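Numbering (this note's numbering), first residue to last: 307 to 402.
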């Protein structure tokens, strides 16, 4: 029975290292593709919402439009600040 040579062992070790790196790269690629798909869907939702709002007053409140445009709101004792997905902010003072 022949035992593996040092060259064969080194090649096998190198192959294992390269295969591991390749599999990690594939996983990273899949993660990036999922992020791209999510961002593409988010972009489409915002574009649609902006198109619906363009040039005309809003007569009916639609939660889908609101959630497509607003990232979050911050409420404090002086007012409320809306932070849009674009990064822009609008502040309103609370009365009363």
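C-beta: ideal position from N, C-alpha, C; glycine also. A quick note: this is a predicted structure, and the numbers were derived from the prediction, not measured.
Alpha carbon of residue i to alpha carbon of residue j, nearest angstrom
i: residue 363; j: residue 351; result: 19 angstroms
i: residue 332; j: residue 344; result: 18 angstroms
i: residue 347; j: residue 338; result: 14 angstroms
i: residue 324; j: residue 334; result: 15 angstroms
i: residue 360; j: residue 322; result: 56 angstroms
For residue i, three-class secondary structure by DSSP
i: residue 397; result: strand
Spatially closest choice to residue i from the options, by CA coordinates
i: residue 373; options: 384, 323, 389; result: 389
i: residue 394; options: 315, 365, 375, 320; result: 375
Cβ distance (whole Å) where residue i is taken to contact residue j below 8 angstroms
i: residue 399; j: residue 384; result: 6 angstroms
i: residue 368; j: residue 379; result: Not a contact, Cβ separation roughly 17 angstroms.
Report task. Just list the beta strand (DSSP E) runs in the segment 325-387, keeping only unbroken ones of 3 residues or longer that don't cross its boundaries, in chain order. Result -> 376-381
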